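Notes follow once the structure below has been shown.
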Amino acid sequence: MTPSLAPARYLSRAQEWALTVCVAVVTANAYYIHPIIGEVARDFDVSEARIGIVPALNQLALALGILLLLPLGDRYSNRNLCIIFVACQTVFMLAMALAEGLVAFTLASTLLGFVTIAPYLIPAFASKRVAPERLGQVTALLTAGVIFGILVARVGAGVIAEHADWRLVYWGGFVLMAGVSLFLPFAMKSELASAKPPRESYTNLIASVFKLAREHREMRASALMQGLNFASFTATWLALALHLTSARMGYGTDVVGYLAAIAAVSIVSTPRLGRWADKVGPRRARLIVAMVQVAGVSLFYPLGFNLFTLLVPLVLVNMVGPTIDVTGRMMFLSLAPEIRTRLTTFYIVAMFLGGAVGSMLGTAIYDAAGWAGTSALLLGFSLSILVLALRADRQGTTSQGA
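Convert by adding 35 to the 1-based position in the sequence shown; the result is the number in the working numbering.
So, in structure tokens, the structure goes:
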């Protein structure tokens with residue numbers, strides 16, 4: 036067993052907020068394309084269905100990178116790994132800004148996804164350095180950082196692309212990443228020594244991810260729910276960008292960006308819901324927010340053809356969607372510190388496999404069946420989450436084992 040941390044070794048509140056800012060910036064890279072996907076498609080002269088390959092490969096590469104690289108966090112310093120891979124992200128952001136064709140742009144985006152592991156190493160790093168009774172609160176704070184990064188990425192990208200050039204979005208992202216590369220070593224300073232690394236080979240370390248997943252049934256269920264949740268998220272915003280800029284709706288990319296600002300509600304609600312989940316328990320909290328999510332998603336089609344009525348389901352979904360992620364992470368971030376990074380690996384791989392599916396289906400189904408098809412897809416995702424959450428609540432025990 037790992038001994039309890041002395042209070043002096045806990046992260047300071049300033050460090051918690053600094054890490055939240057870093058998480059926001061390094062997360063944003065994958066989401067700049069959401070409001071400008073139509074502009075990118077037109078610039079590269081490809082169809083709406085085909086352009087979906089860019090975010091889909093980015094998400095698949097994220098899943099692969101997390102599977103192959105994130106387990107190293109249980110073997111090497113989380114701090115050092117974050118510094119290395121954030122620097123790599125910075126290089127690939129520059130490559131995206133300079134890309135002259137779809138192939139080069141897609142390749143740079145894919146490589147960027149592969150090395151994006153810092154947003155998932157940082158919560159594991161922080162979970163070992165906070166008081167147990169604040170785990171939900173700090174996890175929610177870092178999740179709010181993810182939401183803020185996505186929010187700024189989508190709003191900023193939409194506005195910049197409408198009034199300037201979409202490539203300027205990626206130049207701005209490169210500058211932000213360069214800043215984080217310089218700042219991160221200071222934000223991740225800690226008195227706590229790294230745990231003694233496992234002795235197994237790299238191959239065995241990767242294999243242990245699946246072994247640990249087999250041993251923790253509730254973590255597997257949480258991973259599946261978050262995969263569906265993230266599929267719904269990516270499908271919603273990619274299809275919404277196409278829907279709002281369609282001939283029927285007639286809005287520009289700046290409006291897509293402004294609408295994405297609705298995610299600001301999550302920045303306020305997620306930390307509060309995290310504290311609530313600390314009190315009522317993650318299973319029960321997840322079930323309740325899954326019910327609210329189904330109610331919100333069911334309104335997408337009837338309210339989806341007016342910009343103002345569309346705010347109703349978007350507010351509901353953005354309020355509760357991130358809490359499904361928070362409660363899922365709470366199920367395994369309270370376990371032994373030496374296995375948290377590998378459990379996080381399985382969880383995040385499932386999440387981004389879901390994101391890849393959502394990226395492909397969101398654009399392809401919109402291209403084939405319009406907003407009605409997209410709304411049906413999203414309802415299917417949310418109902419599946421609700422069924423799984425209900426089952427997990429009924430079967431819930433204090434044991435994490437299979």
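We put the CB at the ideal spot given by N, CA and C, even for glycine.
Values in this document were obtained by computation on a predicted structure and should not be read as measured data.
With respect to the 8 Å criterion, residue 107 and residue 97 are not classified as neighbours on the basis of their beta carbons. Linking residue 79 to residue 85 through their CA atoms gives a straight-line distance of about 11 Å. As the crow flies, the alpha-carbon of residue 170 is around 14 Å from that of residue 52. Per the C-alpha coordinates, the member of 198, 178, 139 and 101 positioned closest to residue 71 is 198.
Cβ-Cβ separation between residue 275 and residue 291: approximately 7 Å, consistent with a contact (criterion under 8 Å). Each residue's CA atom was taken as its position, placing residue 393 and residue 316 some 29 Å apart. By the Cβ-count criterion, residue 304 is buried, with 16 or more other Cβ atoms from all chains shown falling within 10 Å of its own Cβ. About 13 Å separates the CB atoms of residue 126 and residue 61; that is not less than 8 Å, and the two are not in contact.
Segment contact: the region 372-382 against the region 397-410, fewer than three CB-CB distances shorter than 8 Å; contact not assigned.
As for any alpha helix (DSSP H) of minimum length 4 sitting wholly inside the region 124-170, the runs are 137-149 and 153-162, ordered along the chain. In this structure, 104 is the residue among 104, 57, 59 and 336 with its C-alpha nearest to the C-alpha of residue 242. With fewer than three CB-CB distances shorter than 8 Å, the region 189-197 does not count as touching the region 320-332. Of the other Cβ atoms in all chains shown, fewer than 16 fall within 10 Å of the Cβ of residue 341; this residue is therefore exposed.
The criterion of a C-beta distance shorter than 8 Å is satisfied by residue 182 and residue 357. When DSSP states are grouped into helix, strand and coil, residue 224 belongs to the coil group. 272 is the residue among 272, 363, 153 and 318 whose C-alpha sits nearest the C-alpha of residue 87. A straight line joining the alpha-carbon of residue 410 with that of residue 45 spans about 45 Å. In this structure, residue 175 places its C-beta atom within 8 Å of the C-beta atom of residue 306.
Assignment of residue 341 by DSSP, reduced to helix, strand and coil, places it in the coil class. Assigned with DSSP and collapsed to three states, residue 46 falls in coil, not helix or strand. Its chain contains 54 and 58 as the residues whose beta carbon lies nearer than 6 Å to that of residue 157, once the 5 sequence neighbours on both sides are disregarded; these appear in chain order. If you check the CB distance, residue 137 and residue 215 do not come in under 8 Å.
Contact between residue 424 and residue 310 is absent: CB atoms are separated by about 20 Å, not below the 8 Å threshold.
Distance from the CA atom of residue 257 to the CA atom of residue 344, rounded to whole angstroms, is 32 Å. Residue 430 counts as exposed, since fewer than 16 other beta carbons sit within 10 angstroms of its beta carbon. The continuous alpha helix (DSSP H) containing residue 400 extends over residues 372-430. From the listed residues 141, 202 and 123, the smallest Cα separation to residue 74 is found for 202. With a threshold of 16 other beta carbon atoms within 10 Å, residue 111 falls short and is exposed. For residue 271, the enclosing alpha helix (DSSP H) has its first and last residue at 252-279.
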